[in-house]
Amino acid sequence: MTWTDEELVARSRTGDMDSFNQLILRWERPIYALAYRVIGQEEDARDVAQETFLRAFRALPGFKGQAKFSSWIYRIALNLCRDWIRRKRRTPVSQLPEDVDLSELAAEQGPTESVEDLVARKELSAVVEEAMALLPEEQRTAVILKEYHGMTFQEIADLQGCPLSTVKTRLYQGLSVLRKHLKDRIPSPAEHAVRVREH
Amino acid sequence: MKKVPEDHNSLNRSPYCGDPGALVSYLYNDGSPDELAAIAAHVQTCDTCTTELAALGDTREVLSAWSPPQTELGLTLTSSDALPVAAAATMPVPSVSAVADVPWWRQSTPVWMQAVAASMVFAAGIAIGAGRGGAVPATAGSVGSAGQTVPAEAVKTNAALKGETALKGDSVSRGELAELEQRLRAELARLSPSSSTPAPAQTAARTDDEALLKRVRSLLSESEERQRSELALRTAQVMRDMEIQRKVDMATVQQDIGKIQGATGAELRQQRELTNMLINRVSLPGGVK
């Protein structure tokens, strides 16, 4: 039987640790992905995810169910990301590690994706990360929440504590900046072929 | 804030044209059905908005390529400390009930007990070596008190340590060690024939065992302390020797440099004199031609 988030929260509040661990299992990947995209550092994103669940667990007695558990946990994660950004005081810059073994990555991805495709995807991913790092924090967060977490404008507005129209404007401006940046950066198929040969 | 494109046909103007909010709502299909329908109706007749939406759609497609690393997270919390203990799940948990069903004398000897027994044999070896005052053969194993063979490495270590432990800081007397050896012999002799049947006075035996273990532990800790002191002394000695050697080397190097400088100076003087002489000769009337 699959419990809902609310049911698992209720059981967790009675001290059922297994229920809370089920919630973690359900939400750890989205929270980690959010943290990674916002702060751009793999290890730190993992730390933020851990801290998010730890804080949620400790704050569970105060969680009265006035919001969805997912919204609540996202809010905690975003606050931690914001703290992290303030602490580091640097623009998140994510980059493909230099020592990436492409053949190993290809093996991990399974036989359906060729090395060339993998290289192209990794490069594209790096370009997107670079472009995202250019956005102001509010725009970046709005784009991430909408694009990768499928939240509604209203949910984003609640999380960011701003009017719904502001969320839309942030999204539009963010997407416009990304479009301009990506237009110049995305290599043509011929450039791709040359890069793959170089690898 | 509305941004109306310049080339936009005024006939197509609608409250949604160029409106970022409307475009984004339509792009993500997030809005009331009426609003979305009205925007869709406008977009069908507006090339500018259609182009803009297509460009934003392309951007969204590129954004989908960005995925976070697929690392194994495995985050869990425990009720005790609410800390992530991903590794704890793989730790083996000893089955207490299964062990408790077997009588203690039939249970397999725990590792720690085996280690203690080995240490006792080791300590007995030290006592024997110290008592004899002679060299212990290091090439072969020696037979312990209960017929157990002590590995050659242990005997070597024993021989190596003997000179140090016997001479320095004898906080444990030889008599005590000999007594311990006697007790060990007696204990092992008493235990070996009765291994198939329980001893009549198990409680007393356990008390003796505990006292013995305490004693062995204290001996071991004393031995470790001595070894630590010895290591510290040796380290200090090595450092002193190195410092002395370094100073000697520095002095030698300085001496050599001085010699080289002296030799170079003399050579320079000779060169200068030779040059002066040549200049003098050349400058004389009817000099060198």
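Taken in sequence, the protein lines are chains A and B.
Okay, so the first sequence: first residue is 710 according to this note's numbering, each after it adds one.
Okay, so the second sequence: first residue is -3 according to this note's numbering, each after it adds one.
We put the beta carbon where it would ideally sit given N, CA and C, even for glycine.
With contacts defined by Cβ atoms closer than 8 Å, residue 884(A) and residue 47(B) do not form a contacting pair.
Neighbours of residue 855(A) in chain B, taken as residues whose beta carbon is under 9 Å from its own, are 20, 24 and 26 in chain order. At a cut-off of 8 Å between beta-carbon atoms, residue 73(B) makes contact with chain A. The beta carbon of residue 17(B) sits closer than 8 Å to some beta carbon of chain A.
Remark: C-beta atoms of residue 744(A) and residue 758(A) approach each other more closely than 8 Å.
Within 8 Å of the CB of residue 56(B), the CB atoms of chain A belong to 856 and 884, in sequence order along the chain.
Contacts between residue 33(B) and chain A, judged by CB atoms closer than 9 Å, are missing: the closest CB pair is about 18 Å apart. Annotated as distal: residue 59(B) and residue 881(A), with beta-carbon spacing of 8 Å or more. Following the DSSP letters along the chain, one finds residue 772(A) in no alpha helix (DSSP H), marked with neither H nor E. Within chain A, the residues placing a beta-carbon under 7 Å from that of residue 63(B) are 834, ordered along the chain. Contact annotation, residue 891(A) with residue 850(A): C-beta distance approximately 19 Å; criterion of less than 8 Å not satisfied.
The Cβ atoms of residue 732(A) and residue 721(A) lie closer than 8 Å to each other. Between the alpha carbons of residue 69(B) and residue 61(B) lies a distance of about 21 Å. Contact check between the stretch 170 to 184 of chain B and the stretch 201 to 213 of chain B: three or more CB pairs, one atom from each, fall below 8 Å, which counts as touching.
Boundaries of the alpha helix (DSSP H) harbouring residue 883(A): 873 to 894, taken from the DSSP string.
For residue 16(B), the enclosing alpha helix (DSSP H) has its first and last residue at 16 to 24. For the 8 Å CB-CB criterion, residue 39(B) and residue 22(B) form a contact. Counting only the Cα atoms, residue 747(A) lies some 7 Å from residue 790(A). The beta carbons of residue 736(A) and residue 779(A) sit closer together than 8 Å. When C-beta distances to chain B are compared with 8 Å, the residues of the stretch 713 to 731 of chain A below that value are 724, 726, 729 and 730, in chain order. Under the DSSP assignment, residue 29(B) falls in the alpha helix (DSSP H) whose first and last residues are 29 to 41. For residue 848(A), the enclosing alpha helix (DSSP H) stretches over residues 846 to 856. In terms of Cβ geometry, residue 173(B) and residue 122(B) form a close pair [threshold 8 Å].
When the alpha-carbon of residue 760(A) is set against those of 35(B), 169(B), 63(B) and 72(B), the nearest one is in 72(B).
Chain-order list of chain B residues neighbouring residue 735(A): empty, with the shortest C-beta distance near 11 Å, by a criterion of under 7 Å. In terms of beta-carbon proximity, residue 759(A) lines the interface with chain B, with at least one pair separated by less than 8 Å.
Taking the CA atoms as reference points, residue 724(A) sits about 29 Å from residue 792(A). DSSP places residue 223(B) in the helix class (H, G or I) of the three-state scheme. Its Cα nearest to that of residue 120(B), the residue 212(B) stands out among 203(B), 212(B) and 31(B).
By the neighbour-count definition (other C-beta atoms within 10 Å, threshold 16), residue 52(B) is a buried residue.
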